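Take the sequence shown: its letters are residues 23 to 549, numbered as in the UniProt record's numbering. Glycine residues also receive a C-beta, built at the ideal position from the N, C-alpha and C atoms. Predicted, not measured: the structure shown is a model, and the values here were computed from it. I have placed the structure first, in the form of structure tokens, so that the comments after it can refer back to it.
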Amino acid sequence: TLKAPVQVEEKVKADLKHIFGFSHFRGNQELIVDNLLKQRNTFVIMPTGAGKSLCYQLPAVVKEGTAIVISPLIALMKNQVDQLNAIGINAYFLNSTLSKSESNRVKSEVLKKNTKLLYVAPESLTKEENIAFLKEAHLSFVAIDEAHCISEWGHDFRPEYRKIKSIVAQIAPNLPIIALTATATPKVQQDIQRNLQMEEADLFKSSFNRTNLFYEVRPKVKNESKKQLIKFIKSHKGKSGIIYCLSRKKVEEIADLLKVNQINAAPYHAGLDSSVRIKNQDDFLNEELDVIVATIAFGMGIDKPDVRYVIHYDVPKSLEGYYQETGRAGRDGLEGHCLMFYRYEDILKLDKFNKDKAVTERENAKVLLQEMAAYAETGVCRRKFILNYFGETMEEDCGFCDNCKRVRETFEGMDFLTLALQTTKLTNQRFGLEHLVKVLIGEKTDYVTSYKHDKLEVFAKGQDQTEKLWTSVFRQALVMNLLEKDIENYGVLKLTKKGQEFLNEPYSVQLHNDHDFEKELENEQPE
Ligand code: ADP
Ligand code: ZN
23 TLKAPVQVEE KVKADLKHIF GFSHFRGNQE LIVDNLLKQR NTFVIMPTGA GKSLCYQLPA
83 VVKEGTAIVI SPLIALMKNQ VDQLNAIGIN AYFLNSTLSK SESNRVKSEV LKKNTKLLYV
143 APESLTKEEN IAFLKEAHLS FVAIDEAHCI SEWGHDFRPE YRKIKSIVAQ IAPNLPIIAL
203 TATATPKVQQ DIQRNLQMEE ADLFKSSFNR TNLFYEVRPK VKNESKKQLI KFIKSHKGKS
263 GIIYCLSRKK VEEIADLLKV NQINAAPYHA GLDSSVRIKN QDDFLNEELD VIVATIAFGM
323 GIDKPDVRYV IHYDVPKSLE GYYQETGRAG RDGLEGHCLM FYRYEDILKL DKFNKDKAVT
383 ERENAKVLLQ EMAAYAETGV CRRKFILNYF GETMEEDCGF CDNCKRVRET FEGMDFLTLA
443 LQTTKLTNQR FGLEHLVKVL IGEKTDYVTS YKHDKLEVFA KGQDQTEKLW TSVFRQALVM
503 NLLEKDIENY GVLKLTKKGQ EFLNEPYSVQ LHNDHDFEKE LENEQPE
């Protein structure tokens, strides 16, 4: 039987046009809105800038009652509410910036039943008095924005987020929930669904492929990189760009460097006076400034369509963060250049910053850092690498990243991949990458001997090659979808169907050498 394509009612489309001013839905928006209007639990994974807000704002307008929007971005709440008010939608927020009398006013407005959206910070949601108030209110559904904050495996874990489900259950157990995020690896996705007890929710996952973004990584050689930075910006004269640095100090230093070189740039970080910060941000949005040099505090909720490049002068803490930040380039669909300066030393530095964290937290942060380093050093198509990280498989190279554009060193990979997959299989698909590599290079760690992996036929079969090379082979097997990470036992590698087929009947595959940035840094001149 033919299924009629899903279409929301005319009334909803009219609201899309008359209230929000959009003549069409984008991507999955219509399906998502329709799903939520049918009272279904809904899980949305959509890259930054794709239009997540509309997915709950429109249903909130259409449905009776007030929609609760939980968001950790307190600094943006007022802005979002102002924007809604400006288009005639009644909305309020509850967070720690409000005084007692202000929050009381918000509550009484909501109880008058004419409020469509109420933004709530997670730490406000957990307060007894607010729970009591929400029990009284007439609610339509709950939207959980930035839902990846639920997961310890993600890059922005917030413990309060883990309480949301039980609180919503107290307030109104049958309210539909829509969870939204712009970054979720398969592991994080599973974690979110389990924690919210919405495994049965309908999942709407858009592709993360931003085809108009060009990805590039260069070695970070002290003086040389600064010259390259200036040259890059000058070759994009009059175009808007964002430079991300890790520390406030570095932001100031680079902003000064650019200014001295007649580049129209200004800094942005949380340590600046708020009036200066706001001015710099506005100047950037209004094209008074070409370049903003910023910490990651900059960019959330900012919607400048014509950012032509995003440069990471320091390596970010995770690929999730990197992807979100580079996602601010080319929102208008025209080309955006994403350039990162990388040195392994920066990864070690970042790891050291985590030394006071709790053990699991530090371990998780370390895994994220290792993925980041692997991305920087890979010789594989960068888009393939990133998409694989977010659980998507791409068959062909993109042709639009630095690795695709250069002449690459490749080597015949059939025997290497065969050994890697055999090792995975002979250890019963229960170990992580590091352990498998140790077995191959023949290192008798305690783990290796206690599992008697030194007795396997593959033990030390790869001892002619370095640990680094084997690590790269395993990673490429992941990107090629011969191996996958077991999401139940994170880090454990398993054969995919494709991997099993490869083992049964190996075929010729070209593998790519990783970059050897360290070698390029050897000749570095002291600053
Ligand atoms: P996200 O939260 O996914 O990063 P936003 O919700 O902020 O994205 O939306 C990004 C931009 O896209 C906003 O400027 C928004 O007004 C615009 N937008 C959203 N939906 C549509 C649509 N259907 N048609 C045109 N523009 C849209
Ligand atoms: Zn590519």
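Those residues whose C-beta sits under 7 Å from the nearest heavy atom of the ligand ZN are, from N- to C-terminal order along the chain, Cys403, Arg404, Arg405, Lys406, Asp419, Cys420, Gly421, Phe422, Cys423, Asn425, Cys426.
Taking Lys447 as reference, the option from Asp178, Leu458, Glu274 with the minimal CA-CA separation is Leu458. Spanning the alpha carbons of Leu307 and Lys326 requires a straight line of approximately 6 Å. Annotation note: the stretch 81 to 148 contains the following uninterrupted beta strand (DSSP E) runs of length 3 or greater, listed N- to C-terminal: 88 to 92, 113 to 116, 139 to 142. Counting only runs that start and end inside the stretch 439 to 485, the alpha helix (DSSP H) elements of at least 4 residues fall at 455 to 463, 468 to 472. One alpha carbon belongs to Arg184, the other to Gln284, and they sit about 48 Å apart.
It is roughly 31 Å from the alpha-carbon of Gln215 to the alpha-carbon of Ser125. In the structure shown, the three-state DSSP call for Pro208 is helix. Distance between Cys420 and Ser472, taken at the CA atoms: about 43 Å.
Judged by DSSP secondary structure, Ile369 falls within the alpha helix (DSSP H) whose first and last residues are 366 to 375. Cβ-Cβ separation between Ser146 and Leu116: approximately 5 Å, consistent with a contact (criterion under 8 Å). At the C-beta level, Asn50 and Phe226 come within 8 Å of one another.
Ala204 has its CB nearer than 7 Å to a heavy atom of the ligand ADP.
Among the bridge pairs identified by DSSP, Leu294 is matched with none. If you ignore the 5 residues before and after Ser45, its C-beta comes within less than 7 Å of the C-beta of Lys39, all in its own chain and listed in chain order.
The stretch 161 to 219 is shown to contain whole alpha helix (DSSP H) runs of 4 or more residues at 186 to 193, 208 to 217, in chain order.
The Cβ-Cβ distance between Ser340 and His177 falls below 8 Å. Gln444 and Lys244 have their C-alpha atoms some 42 Å from each other. Just so you know, the alpha carbons of Asn107 and His291 end up roughly 28 Å apart.
Around the C-beta of Thr205, 16 or more other C-beta atoms lie within 10 Å, and the residue is accordingly described as buried. Taking the Cβ of Lys474 as the reference point, every heavy atom of the ligand ADP lies at 7 Å or farther away. Contact between the stretch 245 to 258 and the stretch 338 to 358 is absent: fewer than three C-beta pairs spanning the two stretches fall below 8 Å. The C-alpha of Tyr114 lies about 33 Å from the C-alpha of Leu311. Non-local C-beta neighbours of Tyr237 in its own chain, meaning closer than 6 Å and more than five positions away in sequence, comprise Cys360, Arg404, Cys423, ordered along the chain. Residue range 244 to 256 is occupied by the alpha helix (DSSP H) that includes Ile255. Thr70 sits close to Gly349, with the two beta carbons spaced by under 8 Å.
Per the C-alpha coordinates, the member of Val501, Glu357, Gln346 positioned closest to Gly401 is Val501. DSSP places Gln522 in no beta strand (DSSP E) but in the uninterrupted alpha helix (DSSP H) bounded by 519 to 526.
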